[in-house]
Each structure stands twice: as structure tokens, then as C-alpha cells.
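Down below is the structure, laid out as C-alpha cells.
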Amino acid sequence: MIQPYEQDKLQQGYYTNIGTVLLRRDSSREGQSLLLFLRDLGPRWVNAPGASGGKNRFGGATEPLIWAEFNLYQSPKSLTLQSAEVKEDFLSLRGQPEKLLTALRLYKHLPKMLIVGHESNNLLTLLWASLVCLKENCPPAAVEFRFFWRVLQEQGLAPSLLTCSECGTKLENGAAWTPDGLKCTKCAATADIDAETLLILRRAALLKHEQYLQWTDAKNYSAIFKEASKKLLSFFANFN
Numbered sequence: 004m005i006q007p008y009e010q011d012k013l014q015q016g017y018y019t020n021i022g023t024v025l026l027r028r029d030s031s032r033e034g035q036s037l038l039l040f041l042r043d044l045g046p047r048w049v050n051a052p053g054a055s056g057g058k059n060r061f062g063g064a065t066e067p068l069i070w071a072e073f074n075l076y077q078s079p080k081s082l083t084l085q086s087a088e089v090k091e092d093f094l095s096l097r098g099q100p101e102k103l104l105t106a107l108r109l110y111k112h113l114p115k116m117l118i119v120g121h122e123s124n125n126l127l128t129l130l131w132a133s134l135v136c137l138k139e140n141c142p143p144a145a146v147e148f149r150f151f152w153r154v155l156q157e158q159g160l161a162p163s164l165l166t167c168s169e170c171g172t173k174l175e176n177g178a179a180w181t182p183d184g185l186k187c188t189k190c191a192a193t194a195d196i197d198a199e200t201l202l203i204l205r206r207a208a209l210l211k212h213e214q215y216l217q218w219t220d221a222k223n224y225s226a227i228f229k230e231a232s233k234k235l236l237s238f239f240a241n242f243n
């Protein structure tokens, strides 16, 4: 995760925002330190004081994958969690190992693209939509690829699925993965993606949310999406 030289500071007072917990650090004495990803406020480190006996007084609201309405207070020194009301627990994902592991990977990689203290509503919406896709039985491998590509696209780092990264011509007859992006069959020595595979990747990445939920062909191409997601992870390393 990129740390800014000086994050946007909140004025002292109370705040209520929808969001989810990206990271959590537990302390038996001090409660929890949470990295909340909040609408309009972006990622923020928040103190969540424990109850007597070191118990978590916020219940499941600070668990992974939970989305809640968080009530916060910004003092001169820190941002503190006052209360939280769970809005969506995505409980159905917890009983399905492949979906659960996919969701946890999304949470693992997203912080690498965020700046603490800066609003990132587009990425928050993307994270929510991806969990909804998993809940609605979209193939996990396809959801993961779509998420990774769209996160990179939001940061201007996604490899184009339409044009060659070297000559700029339209990709029509397949392409090859390179550290610089996809290259056409003329610019690359070999082509490891045929035209049909490229079309599948385009659909997974570019379809609008409702169209994507209705797209069932993705169920047959898990191996393609898993391989493509591995390639995309190398582009995350370029964001530093």
C-alpha cells in the first residue's frame, strides 16, 4: 500500500459512512486497529477500543468480508470507532471454499493500489460488485480476473485487451502476454492467446455489471481466467 506524505485530515467531529474492513490488527489491551475502506473517505486507520476483558464490543462488524455502517469520531489525535451496524455479511461465501478464498485474495491485493486517506469510491464499488458476483454464483476465476483487470484499469496500469501495446493496432488474431502488455502476432515472437480466448477475456473485463451477471459462458473457462489473473498480478508490482 502506498503511504502518502500527508493524508487528507478530517476535521474533528462525527462521521457515518458505509464500508468494509480491509486489514485488522488485534491487541489484547488496546482492542483493534482497523483499516476501514469507507465511502467518500477512502481507506482510514481507525481505533476500535475493546470492551472489558479484551472482548470485541463491535461484534461481527470488524470481521473480514463484512460491510457495515460505521460511526466514527475524529479527535485531535485519532479516528475512533464508536459503533457499527452490519449491512451485508456475505455469509453464503463462507461455506464455499473456492468463493471464500477468491474473496480473500481480492481483499489481499486491493490495498496495494490504495492511498490511505484518499477517496476511492470507484474501487470500493468494484469490491462490492465483485462480492455480489460471487454471491450470485458467477465463476470465481472469472470474478477474480475481472476484479484485477478493473483495479489496474482504474490506476491506468491495465494491459489493453483491444490494441497492441507496441504498435497500437487492433488485436484481432490473438496476442502474446509481455511485461509491457499484450502484443499482436506481428510484434510478438509467439502468440499464447488465440482470438477466441481474447474475446472471452474482453467479455469478462468489459461487460457492464448486469450483463456480466447474465453471462454464463465464463463457467467453461476457469483455466483461462486463472492463467490470465497470474499475468495481471505482475502489473500490480509496477504500482509503487
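Residue numbers (my numbering): 4 to 243. Even for Gly, the Cβ is constructed at its ideal location relative to N, Cα and C.
A direct Cα-Cα distance of roughly 26 Å separates Gln15 from Gly62.
The beta carbon of Phe150 sits closer than 6 Å to the beta carbons of Leu109, Ser133 from its chain, once the five residues preceding and following it are set aside; these are given in chain order. Lys211 sits in coil when the DSSP states are folded into three classes, being neither helix nor strand.
For the pair Ser86 and Leu75, the Cα-to-Cα distance works out to about 7 Å. Contact between Asn124 and Arg42 is confirmed by a C-beta separation of about 6 Å, below the 8 Å threshold. By the beta-carbon neighbour count (other beta carbons within 10 angstroms, threshold 16), Cys187 is buried.
Per DSSP, reduced to three states, the secondary structure at Tyr224 is coil, with no helix or strand assignment. Take Asp220, set aside five residues on each side of it, and no residue of its chain has a beta-carbon closer than 6 Å to its own. Shown here, Phe61 sits in coil according to DSSP, grouped into three states, outside any helix or strand. Tyr17 counts as exposed, since fewer than 16 other beta carbons sit within 10 angstroms of its beta carbon. Our two residues, Lys102 and Phe238, have alpha carbons roughly 23 Å apart in a direct line. Annotation for Leu41: the continuous beta strand (DSSP E) segment containing it runs 34-41. Distance from the CA of Leu204 to the CA of Arg97, rounded to the nearest whole angstrom, comes to 27 Å. Trp152 sits in a helix when the DSSP states are folded into three classes.
DSSP, read as helix, strand or coil, puts Ala240 in coil. Ser36 places its beta carbon 7 Å or farther from that of Ala144.
Excluding sequence positions up to five before and after Leu129, its CB lies within less than 6 Å of the CB of Arg153, all in the same chain and listed in chain order. Around the CB of Pro142, 16 or more other CB atoms lie within 10 Å, so the residue is classed as buried.
Lys102 sits in a helix when the DSSP states are folded into three classes. Membership of Lys186 in any alpha helix (DSSP H) is not indicated; the residue belongs instead to the beta strand (DSSP E) covering 184-186. The residue from Ser78, Asn140, Pro79, Ser81 with its alpha-carbon nearest to that of Thr105 is Asn140. Secondary structure of Ser81 (DSSP, three-state): coil.
The Cβ-Cβ distance between Phe148 and Ala51 does not fall below 7 Å. According to the DSSP secondary-structure assignment, Arg108 is paired through a beta bridge with no residue.
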